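One structure is given below, encoded as structure tokens.
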Amino acid sequence: GGAINLVSRKPSRPFELNAALGYLSGGYRINTNIGGNLGKFYYQLSASQLKRDHFPLSTDFAPVATEDGGNRDNAYNNDIDLSGKIGFTPNASQEYAIGYNYHHGKKGTPVYAGNDTQNALLRNPRYWQWPKWDTQGLYLMSNNKLNATNVIRTRWYYDKFVNQLNSFDNAGYSTMTRGYAFESHYDDYTLGNSIVFENTDLANNSFSVVGQFKQDVHKENNLGEPVRRSADNNFYLGLEDTYHITSAFKLNVGLAYNNRHSTQAQQFTANQVSDLPANSNDAWNLQGLLQYDFAQDNNLSFSVARKTRFATIKDRYSYRFGTAIPNPDLKAEDALNYDLSYHALFLGKLSLDVSGFYSKINNSIQTVNNVRRDPVTNVNQSQIQNIGRAEYYGAEFALGYTLMQGLRVDANYTYIKRNNLSAPQIFFTDVPNHKVFASLQYSPVSKLYILASQEYNSKRYSTSYG
């Protein structure tokens, strides 16, 4: 689907209002939601802002040429979100809704402050700011119960993304005169729809058919250059069946066909726009799940699924502002995933979730750094490649407890290990092996809560060479 939330909570009372205010290092978060259910009609309106001027660096940080310590330079962001939804329910069997989302953002990208001599950002710092990071989304939805055993649900959506990146000469962020300075513009949209048909004619059984179509269009140019356009068409057809073997034991199976077809891909080189090779991918995916309910809110499940990830337009064609080499022939990544999970709620107060997972991956898609050095800009360029076989495995553990009325504590821990089996010298990036999150929520009255949270992430690789 689109980047928007197509399914949101429907108001149950004639008028509902909630608001929240939060503080974070160097900034704040505020949001307000208004809604109402007027019988056959309902409405929802929301507004929020997340503003941050900086974030603090560790007192152990040693100043470098591009960062003097204290508060992180050029680490600001300001995000404003507005949304609205109107729904119509003429009867208990039908629902129609239209919604709109708007986001306006701007942010700075902190300059590299490390000491990795192989990293091109050490020699060529980026002085980047994004004065515009805007999205808009419009969607229509309908739910129609045809009779006691047949339901059709439809979703239609249009998402638009517009941004501007300014690459400046230096930390003054005021001039763009040097060869590496530029003003980049993106103008993208996604148009799509989905149709779901569900049938429950057979006893203890639910069968559904899902069809989806999505068109992704990307347009870009630097100031003074012609616009380049790339586009993909995506098609999905899926079948899913859930059968309750007994009142406590159920089986879920699914089969899906996915297709991605490139309809256009353009690049700008040697002062002219030219076409890159078009390509397509398709895949069959299969999944199965067994779940046993020991009691209400107490179950054990095991699932096996084959899933495919197609390379995006950005993965295949982006030069990433001169730091990367396109790879139009990038293949789809496929994975075989195993998951064993247990969920329980004891005495209505203590919740427990435990899961273990293992994934075997073929044609793993990964960014490989320093593939070549551009002879003109003297920048080490990366490329997104299929690096071969890989495996992921790990576990998740979550625990929550209501200490007293209005006071709850939650904690979770995630461990993940990612191994490159085909090319061990190429490391996976950006995901820590260990992650811990804990929160304490206090609600002195029904309409007010205070939330404090803390998160820990272990170290992770930031480049494919370690």
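Using the working numbering, the letters of the sequence shown correspond one by one to residues 11 to 476. We put the beta carbon where it would ideally sit given N, CA and C, even for glycine. Just so we're clear, the structure is a prediction, and the values are computed from it rather than from any experiment.
By the Cβ neighbour-count rule, methionine 151 is buried, with 16 or more other Cβ atoms within 10 Å of its own. Counting every other CB atom within 10 Å of its CB across the protein chains shown gives isoleucine 460 a total below 16, marking it as exposed. A distance below 8 Å between beta-carbons, with the five flanking residues on each side excluded, links serine 449 to the following residues of its chain, in chain order: Val419, Asp420, Ala421, Leu461, Ala462, Ser463 and Gln464. Approximately 7 Å separates the beta-carbon atoms of serine 177 and arginine 136; this is inside 8 Å, confirming the contact. With fewer than 16 other beta carbons inside 10 angstroms of its own, aspartate 384 counts as exposed. Taking the CA atoms as reference points, isoleucine 394 sits about 35 Å from leucine 34. Segment contact: the segment 67-77 against the segment 97-111, fewer than three CB-CB distances shorter than 8 Å; contact not assigned. For tryptophan 294, the number of other beta carbons within 10 angstroms of its own is below 16, and it is reported as exposed. Runs of the beta strand (DSSP E) lying entirely within the segment 43-67 and spanning at least 3 residues, in chain order: 51-62. Restricting attention to Asn209, Asn203, Ala72 and Gly416, the CA atom closest to the CA of glycine 124 is found in Ala72. Here asparagine 430 is not near lysine 445, since their CB atoms are 8 Å or more apart. Each residue's CA atom was taken as its position, placing lysine 317 and alanine 345 some 5 Å apart.
In the DSSP assignment, the residues bridged to arginine 270 are Asn244 and Asn291. When secondary structure is reduced to three states using DSSP, aspartate 363 falls in the strand class. The bridge partners DSSP lists for glycine 410 are Ser361 and Asp420. Listed in chain order, the alpha helix (DSSP H) runs fully inside the segment 84-147 are 130-133, counting runs of at least 4 residues.
Taking a contact as a CB-CB distance under 8 Å, the pair threonine 412 and lysine 359 counts as one, their CB atoms being some 4 Å apart. By DSSP's assignment, serine 463 forms a beta bridge with Ser449. For arginine 326, the enclosing alpha helix (DSSP H) stretches over residues 323-327.
Within a 10 Å sphere around the beta-carbon of arginine 382 sit fewer than 16 other beta-carbons, which makes this residue exposed. Nearest to isoleucine 255 by alpha-carbon distance, out of Asn214, Phe223, Asn268 and Pro287, is Asn214.
Inter-segment contact for the segment 236-253 and the segment 267-286 is present: three or more beta-carbon pairs are separated by less than 8 Å. Distance from asparagine 47 to glutamate 105 at the Cβ level is roughly 12 Å; contact not present, criterion being Cβ atoms closer than 8 Å.
Judged by DSSP secondary structure, phenylalanine 25 falls outside any beta strand (DSSP E); it is assigned neither H nor E. Rounded to whole angstroms, the gap between the alpha carbons of valine 314 and isoleucine 397 is 24 Å.
Of the residues Asp363, Tyr403, Asn101 and Gly97, the one whose Cα lies closest to the Cα of glycine 410 is Asp363. Here the C-alpha atom of threonine 145 lies approximately 34 Å from the C-alpha atom of asparagine 372. Contact between the segment 245-254 and the segment 215-224 is present: 3 or more CB-CB pairs across the two stretches fall below 8 Å.
Taking tyrosine 190 as the centre and dropping the five residues before and after it, the same chain places no C-beta closer than 6 Å to its C-beta.
Around the beta carbon of phenylalanine 320, a 10 Å sphere encloses 16 or more other beta carbons of the protein chains shown; the residue is thus reported as buried. It is roughly 21 Å from the alpha-carbon of alanine 405 to the alpha-carbon of aspartate 307. Between aspartate 89 and glycine 115 a beta carbon distance of about 4 Å is seen, short of the 8 Å cut, so the two are scored as contacting. Comparing C-alpha distances from asparagine 157 to each of Phe207, Lys170, Trp143 and Lys229 shows the shortest one belongs to Phe207. Looking at the DSSP output, alanine 72 sits in no beta bridge, so it has no partner there. In the assembly as shown, lysine 427 is an exposed residue. Its beta-carbon has fewer than 16 other beta-carbons within 10 Å. Cβ neighbours of leucine 417 within its own chain (closer than 7 Å, five residues either side excluded): Tyr452.
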